[in-house]
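**Student:** Numbering (the numbering used here), first residue to last: 31 to 89. One structure follows; several queries about it will come next.
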Amino acid sequence: MNKLKDKILEEIKKKAKDGKLQCAVARKIAEELGVSYKVVGEAADDLHIKITNCQLGCF
């Protein structure tokens with residue numbers, strides 16, 4: 031894995047609670063790390079973490 035992917039996974043794990051990650055938090059991770067929402071969504075899927083409270087349909 032590359033360092034960016036590791037950082038994305040680390041941030042998701044850090045901010046997820048009970049296997050869930052708020053959509054707004056996922057969007058913020060993507061924006062802070064300069065990656066697309068799709069990349070963060072796929073990383074969350076890899077970790078079996080569900081994106082919740084998504085109003086924009088980004089994930």
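Note that beta-carbon positions come from the ideal geometry of N, C-alpha and C, so glycine has one too.
Report the rounded CA-to-CA distance for residue 47 versus residue 34, giving the unit in angstroms.
**Tutor:** As a first step, residue 47 must be located in the sequence shown, where it is residue number 17. As a first step, residue 34 must be located in the sequence shown, where it is residue number 4. Each residue's alpha carbon lies about 22 Å from the other.
**Student:** Hey, could you find the ends of the alpha helix (DSSP H) residue 38 is sitting in?
**Tutor:** Within the sequence shown, numbered from 1, the residue matching residue 38 stands at position 8. Note, residue 38: alpha helix (DSSP H), 33 to 45.
**Student:** Output the boundary residues of the beta strand (DSSP E) element that contains residue 81.
**Tutor:** Residue mapping note: residue 81 aligns to position 51 of the sequence shown, counting from 1. Annotation for residue 81: the continuous beta strand (DSSP E) segment containing it runs 80 to 82.
**Student:** Tell me which residue opens and which closes the alpha helix (DSSP H) that residue 63 is part of.
**Tutor:** Here residue 63 corresponds to residue number 33 of the sequence shown, with the count starting at 1. First-last of the alpha helix (DSSP H) with residue 63: 53 to 63.
**Student:** What residues in its chain sit with their C-beta under 7 Å from that of residue 81, if we drop five residues either side in the sequence?
**Tutor:** The count along the sequence shown starts at 1 and reaches residue 81 at position 51. Cβ within range, chain order: 51, 53, 56, 71, 74, 89.
**Student:** Between the beta-carbon of residue 38 and the beta-carbon of residue 63, is there less than 8 Å?
**Tutor:** The residue given as residue 38 occupies position 8 in the sequence shown. The residue given as residue 63 occupies position 33 in the sequence shown. Closer than 8 Å, so yes.
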